[in-house]
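So the structure is just underneath, and the comments pick up after that.
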């Protein structure tokens, strides 16, 4: 493909990234660096602030005033609260699956692929994309949740009872290293498309058209990184290495979720997430 | 595969109306 075509593809995917994902890397960066003109997130750093803040976890774009005058919900025992927060975060994850699906459908050629293959590409790619999407929402001290309305500290997440305390720490470790790459929104969009269009997922029927699509996106990504980050010639290679880390991270995450399902009697996994995680690894 | 991934399948086919999750 001509470089003009590759640039057009980058622009198209970047537009789709902005259209489908409510908290982009640039928005998250603004919130984390305090450049949102007084509209700073609610900080959850202990059980008390969790009780107060959990109300917002599943609320899309709650107005600031409403947030400030909110009435605290009745307190729940610590164990119950952890499960209830986990349930709310699951709903957000299910929404994110929808967002990633819409983004995937906007990749030129994706919807023309075999329907069975589209399902497999999403099943295997969606948690990898969501994990990567989480990285810009994190810094070494904590993570944004609920469309940037909440900042939950890393120390607090580590202090939760087992196995909940083990869920986020590997994501922080990945995020801190990933954020060093300093990708921008358009780089992220192309990287997500590369992840989704992986031709080596188990069970794919027609691999060739998937690999062809991925090859074009890879060319667009390589061109873009060379243009936007000329001072970092190794960036493309470094980014591709992250795909291996992501597979391990997702495999560990799925194992932990299966363990949770066994250990927590009250835990109910969202049907969409159940579908995705069943027989995944 | 379609039977095991009904919601995912629906999300892929249905682009306009919101899917009841």
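Residue numbers (my numbering), protein chains in the order written: chain A, 1 to 281; chain B, 1 to 21.
No residue lacks a Cβ here, since even glycine has one placed at the ideal position from N, Cα and C.
Could you check whether the Cβ of residue i sits closer than 7 Å to any Cβ belonging to chain B?
| i | result |
| --- | --- |
| residue 144 of chain A | no |
| residue 61 of chain A | Residue confidence for residue 61 of chain A is low, a pLDDT of 44 falling below 50, so the modelled location carries little weight; the figure read from the coordinates is stated next. Cβ-Cβ to chain B under 7 Å: no for residue 61 of chain A. |
| residue 90 of chain A | no |
| residue 118 of chain A | yes |
| residue 122 of chain A | yes |
| residue 69 of chain A | For residue 69 of chain A, the pLDDT reaches just 37, beneath the cut-off of 50, and the residue's location in the model is therefore unreliable, although a value from the coordinates is still provided. It does not; no Cβ of chain B falls within 7 Å. |
If you measure between the beta carbons of residue i and residue j, is that distance less than 7 Å?
| i | j | result |
| --- | --- | --- |
| residue 276 of chain A | residue 123 of chain A | yes |
| residue 99 of chain A | residue 37 of chain A | no |
| residue 194 of chain A | residue 217 of chain A | yes |
| residue 197 of chain A | residue 213 of chain A | yes |
| residue 283 of chain A | residue 280 of chain A | In the structure as shown, chain A begins at 1 and stops at 281. Residue 283 of chain A is therefore absent and cannot be evaluated. |
| residue 45 of chain A | residue 111 of chain A | no |
| residue 30 of chain A | residue 137 of chain A | no |
| residue 101 of chain A | residue 11 of chain B | yes |
Quick one: is residue i buried, meaning 16 or more other Cβ sit within 10 Å of its Cβ, or exposed?
| i | result |
| --- | --- |
| residue 139 of chain A | buried |
| residue 203 of chain A | exposed |
| residue 22 of chain A | exposed |
| residue 128 of chain A | buried |
| residue 34 of chain A | exposed |
| residue 207 of chain A | exposed |
| residue 25 of chain A | buried |
| residue 73 of chain A | Residue confidence is low: residue 73 of chain A scores 45 on pLDDT, short of 50, so the model does not pin down where it sits. Its coordinate-derived value is still stated next. Answer is exposed; the Cβ neighbour count stays below 16. |
| residue 41 of chain A | buried |
| residue 119 of chain A | buried |
| residue 248 of chain A | exposed |
| residue 117 of chain A | buried |
Against residue i, what residues of chain B qualify as contacts under a CB-to-CB distance less than 8 Å, listed in chain order?
| i | result |
| --- | --- |
| residue 278 of chain A | 4 |
| residue 275 of chain A | 4, 5, 6, 7 and 8 |
| residue 101 of chain A | 8, 11 and 12 |
| residue 27 of chain A | In chain order: nothing, as chain B lies at least about 23 Å away. |
Run down chain B in chain order and give the residues with a C-beta less than 9 Å from the C-beta of residue i.
| i | result |
| --- | --- |
| residue 261 of chain A | The contacting residues do not exist; residue 261 of chain A stays about 17 Å from chain B at best. |
| residue 208 of chain A | Residues of chain B passing the Cβ test: none, with the nearest at roughly 19 Å. |
So which residues of chain B does residue i contact, with C-beta pairs closer than 7 Å?
| i | result |
| --- | --- |
| residue 271 of chain A | 7 |
Is the stretch 222-241 of chain A close to the stretch 133-143 of chain A, with three or more CB pairs under 8 Å? no
Decide yes or no for the touch test of the stretch 169-181 of chain A against the stretch 80-93 of chain A: beta carbon pairs closer than 8 Å, at least 3 of them. no
Can we say the stretch 182-194 of chain A touches the stretch 8-18 of chain A, given the rule of at least three CB pairs closer than 8 Å? yes
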